[in-house]
Structure formats: C-alpha cells, structure tokens
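Chemist: Under numbering that gives the first Met the number 0, the residues of the sequence shown are numbered 0 to 340, in order.
First the structure, then my questions, so here it is.
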Amino acid sequence: MVLTVLQPEGLYPDTSLEREVLGPTVRILQGGVKESLSELPDEICAEVEGLFIFRIWLRAADIARFPKLKVVVRMGVGYDRLDRATLAARGVTVCNVPDYGTMEVADHAVSLALSLRRGIILHHDLQRGDPTRQVPPAPWAYVDSPVIQRPQTRTFGVLGLGRIGTAVALRAKAFGWRVIFHDPYLPNGVDLALGIGRVRRIEELFEQSDTLSIHAPLTRTTKGLVTEELMRRMPPGAVIVNTARGPILDLDALHRCLQDGTIAAAGLDVVPEEPLPDPVPALVAAYRAREPWLAGRLVITPHSAFHTPEAWQDIRQKSAETMRDVLVDGLHTNVIRPDDD
C-alpha cells in the first residue's frame, strides 16, 4: 500500500531527502501554499495521510478537507499553530521536532542577553544616532546605564527548563551568572544534576532574576503568563529575553515597564502576532522610529533564533524521520499527547 504525504508550503527544491528517508512505499507531494491551506485543491487534500506543517496554521476548517489524514508533523518545536482539539477528535496523531535548533536558539537567547548587558546594543545605537538630532554628536566614550552589569555578580533566571532552557542555563552558567530556573513539570534533582538553583514559585524567579530568559511552550496555561505584575517584581536594572513564543509575554505591559524604567532592557525574537500586524504594536513602532528613550534598551529579531543552514537541514531530516517512524512504522516518536497543554 502506498501512503501519501504532503509538504504544502513547498519549502525545498526537491523531495530527494524525504524519498530517501520515507522509502518507496510513500508518495511525497509538495504544494505552493503561501498563506492558507485553503489554497490547495480538494483532490490533493483527499489523498493525504501525512501532513508536514511549518509556518502556516492548521485550523478546523483545514482539517475537514483531509479525510484520510492520520499524522501531522509540526516542523519545529512549538505546536500552537495546530488545532489540536480538532485533530484529537479526529484521531489524528500530532508530532513535533523537539531536537532541532536547540543550540541556535540557546546561543541566540544568551547573545541577546549579553549584547544588552555588555552595552553593545546601547553603544551601537548611540554611535549610529542621527547627528541632526544630537547636539553635540555622540561622543566617542562609554555611557553609564543600569542595563550594564557584570554577570558574575548577578542572577540569570530561566523560565521553562526543556531542551533549549537547559542549554541556555548551561551557557549562562559558563559566563559566570548564578543560574536559577522555574519549571513545575520537572522531577526533583534536575537542579542538582546541572549545578543550578531551582525556585518553586514563579514569583520567586522574577524577584531574584536580574536577567530572565523565557523558554516555555505556548499552551493554555502559559499564554499571558509573563504579566506586568511579575515584571514589576524584578530587581532594578532587569533585562528580559523572549525566544519562545510571543503570546507568553504581555507586550503592552513590557512597553509600560520599559517606559517607566522597571525593566532596563529587553531582547525579543518573538511577538504576540506574527507576522507583525498593521499597525504594529506601540512598542515595536517606537523601536522602529528609533525613539531616543529606547536607545540601547530594546533589540528585536524576526523569529530568526533557529536560523542556520545546519538547522534547516536538521528540521528537514528530522521531520521526515518522525513521519516515517509514526506513519510508516507505527512508532510513537515525538508524539504530542492531547493533554500536553
């Protein structure tokens, strides 16, 4: 029996790698979807048993168009783009690829923290400032700022100690930070194995962390988890970094906390709505306008933390291997349980 799988976004110039991994009993189709699965013809959807999803959303109306669908592989770590309730009701197995991009995202998170904490972003912004607005122009000199701190005298907090959170904790530890984490889902002893601290309550994490990096998945319980109340618990000169998912952090609250100095600086690779809507959120608008009060205090990257040529190869290889294991071989590789929310 020949199985049919579809990569609707047409990410690759060919399917040679997928053919090699999935074997001769699997037919591999590619689409040219740009924005929505509604762009696919019904006759293609009717044949698909395995579906790869990268950037696009998989909603209930889309799922209804795939009567034979058995397996969905989310080509990435987060699975918030999938209507998992509808998939579960249909009996469709959902998988992700949790072991790609770990090093890249961890490097990116710590780089954001260090570039802020060492004043690299601050001095870069000042040196390239508009000379027509500066009288006199930017001096060739350092400036004092609460954002600049010595890591070896401070605490680095990690919210969510999965694969990436663990990699971040180890990197921060190597730079000399005292590292603590909060993750209510991990067993006792993880802190001892890694040589870091653990706090039981999320409030304690924010109260103790001079620099905090978010690494929780986006679920019903983590959406809006990082509130204004929590950010206002952080020590003076606090820095917050988010390379996880935008909706975990209240962006408007961060705006207010940056404006009044509660938060000294922030590094964001994700925002609540991607791509950015029009008009963009007020904080992003101020950032793009290079408003002086934000100089050196905010850096935004376009959900690019994962991006290297090696990571792209990993996601392609590992997604195909996951589809093979589950759809062809009947294994449970990277299967997400319906209650993982």
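Each residue gets a CB set at the ideal place from its N, CA and C atoms; glycine is no exception.
Please identify the residue among V1, S15 and Y99 whose C-alpha is closest to the C-alpha of G49.
Modeler: Counting from 1 along the sequence shown, the entry for residue 49 is found at position 50. Selected option, being the one with the closest Cα: V1.
Chemist: Under 8 Å: do the stretch 306-316 and the stretch 283-296 share three or more Cβ pairs, one atom per stretch?
Modeler: No, because fewer than three Cβ pairs between the stretch 306-316 and the stretch 283-296 fall closer than 8 Å, the two stretches do not touch.
Chemist: When the Cα atoms are used, what is the spatial distance from V269 to D251?
Modeler: Here residue 269 refers to the residue found at position 270 of the sequence shown. Here residue 251 refers to the residue found at position 252 of the sequence shown. Going by the C-alpha atoms only, they are around 14 Å apart.
Chemist: As an exercise, report each continuous alpha helix (DSSP H) stretch of at least 4 residues that is fully enclosed by the stretch 192-272, in chain order.
Modeler: 201-207, 227-230 and 250-258
Chemist: Could you pull out every residue in the same chain whose Cβ sits closer than 6 Å to the Cβ of F155, ignoring the five residues on either side in sequence?
Modeler: Taking the sequence shown and counting its residues from 1, one reaches residue 155 at position 156. Taken in chain order, the residues that qualify are A171, W176, V178 and T210.
Chemist: Using the C-alpha atoms, what's the distance from L68 back to I120?
Modeler: In the sequence shown, counting from the first residue as 1, residue 120 sits at position 121. In the sequence shown, counting from the first residue as 1, residue 68 sits at position 69. Near 48 Å, if we compare the C-alpha coordinates of L68 and I120.
Chemist: Which residue comes first and which comes last in the alpha helix (DSSP H) that contains Q316?
Modeler: Residue 316 sits at position 317 when you count from the first residue of the sequence shown. From DSSP, the alpha helix (DSSP H) with Q316 extends over P308 to M322.
Chemist: Check whether the Cβ atoms of V70 and V96 sit closer than 8 Å, and answer yes or no.
Modeler: For this step, residue 70 is matched to residue 71 along the sequence shown. For this step, residue 96 is matched to residue 97 along the sequence shown. Taking 8 Å as the Cβ cut-off, V70 and V96 do not qualify as a contacting pair.
Chemist: Nearest-angstrom Cα distance between V238 and I262?
Modeler: Residue mapping note: residue 238 aligns to position 239 of the sequence shown, counting from 1. Residue mapping note: residue 262 aligns to position 263 of the sequence shown, counting from 1. Distance between the alpha carbons of V238 and I262: 6 Å.
Chemist: To the nearest angstrom, how far is it from the Cα of R18 to the Cα of V47?
Modeler: Stepping through the sequence shown from its first residue, residue 18 is reached at position 19. Stepping through the sequence shown from its first residue, residue 47 is reached at position 48. Rounded to whole angstroms, R18 to V47 spans 16 Å at the Cα level.
Chemist: Quick one: any contact between the stretch 111-127 and the stretch 33-45, if contact means 3 or more CB pairs under 8 Å?
Modeler: no
Chemist: For T14, which three-state DSSP category applies?
Modeler: In the sequence shown, residue 14 corresponds to position 15, counting from 1. T14: coil per DSSP, three-state reduction.
Chemist: Tell me the start and end of each unbroken alpha helix (DSSP H) in the stretch 155-194 that is at least 4 residues and wholly inside, in chain order.
Modeler: Those alpha helix (DSSP H) runs which fall completely within the stretch 155-194 and span 4+ residues are 162-173 and 189-193.
Chemist: Could you check which residue in N333, W292, V72 and T220 has the C-alpha nearest to that of D182?
Modeler: Along the sequence shown, read from residue 1 onward, the residue named residue 182 stands at position 183. If we check each option's Cα against that of D182, T220 comes out closest.
Chemist: Opposite G49 in the DSSP bridges: which residues?
Modeler: Within the sequence shown, residue 49 is the residue found at index 50, counting from 1. Partner(s): V4 and V70.
Chemist: Per DSSP, L28 is paired with what?
Modeler: Sequence index remark: in the sequence shown, residue 28 carries index 29 (1-based). L5.
Chemist: Using 10 angstroms around the beta-carbon of T152, count the other beta-carbons present and answer buried if the total reaches 16, otherwise exposed.
Modeler: In the sequence shown, the residue the question calls residue 152 occupies position 153. That one is exposed.
Chemist: What does DSSP give as the partner residues of L57 in its beta bridges?
Modeler: Along the sequence shown, one-based indexing puts residue 57 at 58. L57 pairs with L81.
Chemist: Any contact between the stretch 183-195 and the stretch 328-335? By contact I mean 3 or more CB pairs, one from each, below 8 Å.
Modeler: no
Chemist: Rounded to whole angstroms, what's the CA-CA distance from V146 to A63? Just pull it up for me.
Modeler: Mapped onto the sequence shown, residue 146 falls at position 147. Mapped onto the sequence shown, residue 63 falls at position 64. Here the alpha carbons of A63 and V146 stand approximately 50 Å from one another.
Chemist: In the DSSP assignment, what are the bridge partners of L297?
Modeler: Within the sequence shown, numbered from 1, the residue matching residue 297 stands at position 298. Per DSSP, the beta-bridge partners of L297 are A265.
Chemist: In whole angstroms, what is the alpha-carbon distance linking V225 and D249?
Modeler: Translated into positions along the sequence shown, residue 225 becomes position 226. Translated into positions along the sequence shown, residue 249 becomes position 250. Cα to Cα, V225 sits roughly 6 Å from D249.
Chemist: Measure the Cβ-Cβ separation of A84 and S212 and say whether it is below 8 Å.
Modeler: Working through the sequence shown from its first residue, we reach residue 84 at position 85. Working through the sequence shown from its first residue, we reach residue 212 at position 213. Contact: no.
Chemist: Determine the extent of the beta strand (DSSP E) in which V93 is found, giving its start and end residues.
Modeler: For the purposes of this step, residue 93 is taken as the residue at position 94 of the sequence shown. Element bounds for V93: T92 to C94.
Chemist: If you compare alpha carbons, which of G159, H214 and E203 is closest to R232?
Modeler: Against the sequence shown, residue 232 aligns to sequence position 233. Ranked by Cα distance from R232, the options G159, H214 and E203 are led by E203.
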